[in-house]
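Numbering (this note's numbering), first residue to last: 340 to 700. Positions of the beta carbon are idealized from the N, C-alpha and C atoms, including for glycine. The structure appears below as structure tokens.
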Ligand code: ATP
């Protein structure tokens, strides 16, 4: 186990493209950090700099107490699991798992012990150890790739989208297995994904990257409850947060969407932003059906989707053009054109500055 510390880490590729603009983070011993963000945001670049597969242009990468910028990947005490598993097709599963240890010059008996122990943890049978990778299912291959990382008993695990080649059901299963394994072994881990559900469920903390910059670093719940920017707000949560152009009234007590829906801002309001144009964010699960009570705002339904456990109602407030999605628990019988009284607790309103796209407090 080791801490991984990045200090003002930057990457400029040889063609001059700046892929990472300065990342600072201290990943604690045993922590599971997920790097998440859309395609091209720089997740893999950052992970590969920790691994030593890409050079660090500026800043420093430390693993344990050592600065590793100039060390080879093999000298960094890390093990990496890739998306394509990177297994040797001509070797048996056993040999695939043993190979790295052989190169390290470990005695045969120790290699055997470590491979057997990893196989047991990963529930790979004796018989499966004799097969070639192509004679295994996708999930089993993924386990072998994990096994190859485990046997090295590294200080740090690095995962680069390890589940993206698996079908949806297997992804969920392997996700749970990785989470359990990491918590049992307690090995500091950095995991790259573009899947926000994977990020939310696996990470102790998430680093959301956007075009080479850190948008926010925090626990899944912090990111969900207090997204620091429009980008994070739209990225975390499913279905995505609703956004609408809105305005805070002159007293700072209510926020209105296109002058149609006055939503109270709660105790004390937001006097310092009185009269300001804002981007209002509300998660679909926080728009509630209000019965007929006062203080509700009518939403005109336009489309209904039944998911079984939930119903998604798409619509808009009065004359407002902003489309909103409402997620209601259970099966709700609603027709297009129906007006539904909707309420939202002030605690669940997110306000952003339309110019900077940062959260307003
Ligand atoms: P994905 O989810 O698609 O894998 P990513 O977030 O992992 O994306 P990176 O692979 O880190 O993104 O790439 C970040 C940016 O750097 C991209 O714009 C990419 O085109 C660019 N890039 C990557 N490798 C190189 C390279 N060798 N030379 C120049 N630019 C590169």
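Asked, Found
"Closest by C-alpha distance to residue 565, when choosing among 418, 349, 690, 412", "690"
"Nearest residue (CA-CA) to residue 485, options 454, 620, 465", "454"
"Beta-carbon separation (whole angstroms), residue 665 vs residue 623, contact threshold 8 Å", "6 Å"
"Residues that DSSP places opposite residue 539 in a beta bridge", "Its beta-bridge partners do not exist; DSSP assigns none."
"Closest Cα partner of residue 368 within the set 378, 402, 654", "402"
"For residue 383, the first and last residue of its enclosing alpha helix (DSSP H)", "382 to 390"
"Ligand 1 heavy atom lying under 8 Å from the CB of residue 384", "yes"
"For residue 448, three-class secondary structure by DSSP", "helix"
"Any non-hydrogen atom of ligand 1 within 8 Å of residue 530 CB", "no"
"Counted within 10 angstroms of its Cβ, other Cβ atoms place residue 446 as buried (16 or more) or exposed", "exposed"
"Whole-angstrom C-beta distance between residue 625 and residue 639, which should lie under 8 Å", "Incorrect: roughly 19 Å between the Cβ atoms, too far for contact."
"Proximity to residue 620 [Cα-Cα], best of 647, 483, 685", "685"
"Host beta strand (DSSP E) of residue 498 (start-end)", "495 to 499"
"Contiguous beta strand (DSSP E) assignments of at least 3 residues, all confined to the segment 633 to 661", "636 to 645, 649 to 656"
"Classification of residue 469 by the beta-carbon crowding that lies within 10 angstroms, buried from 16 upward", "exposed"
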